[in-house]
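The sequence shown maps to residues 20 to 344 in the working numbering. I have placed the structure first, in the form of structure tokens, so that the comments after it can refer back to it.
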Amino acid sequence: MAQSEVKTIGVLTSGGDAPGMNAAIRAVVRTAINKGLKVKGIMRGYAGLLQEEIVDMNSVSVSETINRGGTILYTARCEEFMTEEGPKRGAEICRKHGLDAVVVIGGDGSYRGAGKLALNGINTVGLPGTIDLDIACTDYTIGFDTAVNTAMDAIDKVRDTSTSHERCSIIEVMGRHAGYIALWCGIANGAEDILIPERYDGNEQNLINHIIENRKRGKKHHIIINAEGIGHSTSMARRIEAATGIETRATIIGYIQRGGTPTCKDRVYASIMGATAVRLLCEGKKNRIVAYKGGQFVDFDIQEALQMKKDIPEDQFEISRLLGR
Ligand code: ADP
Ligand code: F6P
Numbered sequence: 020m021a022q023s024e025v026k027t028i029g030v031l032t033s034g035g036d037a038p039g040m041n042a043a044i045r046a047v048v049r050t051a052i053n054k055g056l057k058v059k060g061i062m063r064g065y066a067g068l069l070q071e072e073i074v075d076m077n078s079v080s081v082s083e084t085i086n087r088g089g090t091i092l093y094t095a096r097c098e099e100f101m102t103e104e105g106p107k108r109g110a111e112i113c114r115k116h117g118l119d120a121v122v123v124i125g126g127d128g129s130y131r132g133a134g135k136l137a138l139n140g141i142n143t144v145g146l147p148g149t150i151d152l153d154i155a156c157t158d159y160t161i162g163f164d165t166a167v168n169t170a171m172d173a174i175d176k177v178r179d180t181s182t183s184h185e186r187c188s189i190i191e192v193m194g195r196h197a198g199y200i201a202l203w204c205g206i207a208n209g210a211e212d213i214l215i216p217e218r219y220d221g222n223e224q225n226l227i228n229h230i231i232e233n234r235k236r237g238k239k240h241h242i243i244i245n246a247e248g249i250g251h252s253t254s255m256a257r258r259i260e261a262a263t264g265i266e267t268r269a270t271i272i273g274y275i276q277r278g279g280t281p282t283c284k285d286r287v288y289a290s291i292m293g294a295t296a297v298r299l300l301c302e303g304k305k306n307r308i309v310a311y312k313g314g315q316f317v318d319f320d321i322q323e324a325l326q327m328k329k330d331i332p333e334d335q336f337e338i339s340r341l342l343g344r
């Protein structure tokens with residue numbers, strides 16, 4: 020096995036925050052310190068890297084964080100990192116601060132940034148941190164479990180009042196490009212319809228026909244879970260009400276899905292992934308993505324992972340449709 024040359028690790032969170040990111044940071048910091056390495060926190064993602072917002076971290080820096088949502092390192096989006104010059108300068112700053120490796124916790128955008136850091140000579144390990152579950156190489160992403168449970172609880176509550184008033188409800192969940200939260204809630208909340216960016220054909224008449232059919236069959240409510248990527252929930256509600264004569268309301272759940280106490284699964288998986296990232300670096304591995312695939316924690320080459328594609332599992336989509344009929 021290759022010998023590690025890594026003595027100091029940087030860690031950052033980037034893109035949309037996700038519950039469980041703190042558990043991952045904590046695991047990176049404490050595993051590294053236990054293995055005799057130094058850790059520096061890079062604040063505000065790539066923006067903070069380019070601003071050299073880099074602080075020493077120790078075991079106490081991550082005390083009282085395992086149960087907290089958000090990210091203690093803060094997060095940001097950074098246009099400059101998307102230029103050719105950005106990652107080059109980022110890599111120079113890493114070298115200047117003695118960082119032998121950087122652990123990037125974020126979504127697919129952050130991974131593209133991580134891939135560029137790697138191409139500029141910085142050993143980079145990615146951890147999947149996004150509520151969207153839309154990273155191709157992994158079946159699990161940090162934060163999805165918490166977010167989808169938050170959305171599920173909110174939808175149950177809307178369903179109660181929707182049934183009492185015999186209304187139709189359109190409930191918008193997060194996922195600008197990905198329908199995983201909508202799909203899982205569709206099944207978990209027993210929604211009559213789900214609209215997801217990967218599948219929706221824009222045919223509102225089909226939706227209207229389904230609502231009318233259901234009402235004729237005696238259904239008291241009609242729950243439509245609409246992914247953020249489709250959007251326009253409020254105007255859709257107005258059109259559906261006009262076409263069906265059934266009172267229709269829209270609820271946009273919004274950012275509460277991105278915050279809050281991480282679930283047990285998010286704390287445990289994020290901790291394992293954080294510890295795995297440091298183990299890989301200590302084993303001398305370079306430029307990896309930590310993933311959960313086929314029931315196991317595994318790792319992939321960062322550039323290979325970036326080439327992978329993911330789509331909504333057709334069988335799960337079919338199940339959601341079938342059970343809502
Ligand atoms: P997420 O990581 O949650 O998907 P974004 O897509 O907003 O979030 O990406 C987060 C940040 O990653 C961006 O603001 C940018 O700094 C960096 N990034 C995204 N795409 C690229 C790219 N193609 N090259 C370099 N950096 C990128
Ligand atoms: O973190 C993922 C996500 O919540 C997506 O579902 C959504 O498209 C995006 O972030 C919105 O983030 P923001 O409003 O912070 O740009």
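Ideal Cβ positions, reconstructed from N, Cα and C, are used throughout, including at glycine. None of the values given here were measured: they were computed from a predicted structure.
Under the DSSP assignment, residue 82 falls outside any alpha helix (DSSP H); it carries neither an H nor an E label. With a cut-off of 8 Å on Cβ pairs, the region 148-157 is not in contact with the region 54-71, counting fewer than three such pairs. Contact check for residue 153 and residue 127: beta-carbon distance about 6 Å, within the 8 Å limit, so the pair qualifies. One alpha carbon belongs to residue 285, the other to residue 223, and they sit about 36 Å apart. Taking 7 Å as the cut-off, one finds no heavy atom of the ligand F6P near enough to the beta carbon of residue 112. A check of alpha carbon separations from residue 339 across 231, 44 and 214 identifies 214 as the nearest. Using a cutoff of 7 Å, the CB of residue 97 counts as near the ligand ADP, since one of the ligand's heavy atoms is closer than that.
DSSP places residue 301 within a helical segment (H, G or I) once states are collapsed to three. Look at the beta carbons and you see the region 42-49 touching the region 292-299: at least three pairs across the two are nearer than 8 Å.
Of all alpha-carbon atoms in 225, 266 and 218, the one lying nearest the alpha-carbon of residue 240 is that of 266. The straight-line gap separating the alpha-carbon atoms of residue 218 and residue 246 is approximately 11 Å. It is roughly 11 Å from the alpha-carbon of residue 96 to the alpha-carbon of residue 125. The beta-carbon distance between residue 51 and residue 161, rounded to whole angstroms, is 18 Å. This is too long to meet the 8 Å contact definition.
If you draw a straight line from the Cα of residue 325 to the Cα of residue 308, it comes to about 9 Å. Rounded to the nearest whole angstrom, the CA to CA distance from residue 88 to residue 232 is 42 Å. In the structure shown, residue 50 adopts helical secondary structure according to DSSP, grouped into three states. Taking the Cβ of residue 150 as the reference point, at least one heavy atom of the ligand F6P falls within a distance shorter than 7 Å.
Taking each of 337, 274 and 62 in turn and checking the Cα distance to residue 195, the smallest one comes out for 274. In the displayed model, residue 245 falls within a strand according to three-state DSSP. Looking at the backbone, the Cα of residue 31 and that of residue 100 are separated by about 14 Å. The Cβ atoms of residue 121 and residue 90 do not sit closer than 8 Å to each other.
Non-local beta-carbon contacts of residue 258 in its own chain, meaning distances under 7 Å to residues more than five positions away in sequence, involve 223 in chain order.
Unbroken alpha helix (DSSP H) runs of no fewer than 4 residues, entirely contained in the region 105-177, are found at 127-138, following chain order. Per DSSP, residue 321 is one residue of the alpha helix (DSSP H) stretching across 321-326. Counting along the chain, the unbroken beta strand (DSSP E) around residue 214 starts and ends at 212-214. Boundaries for residue 92: no alpha helix (DSSP H) harbours it, and the DSSP string shows neither H nor E there.
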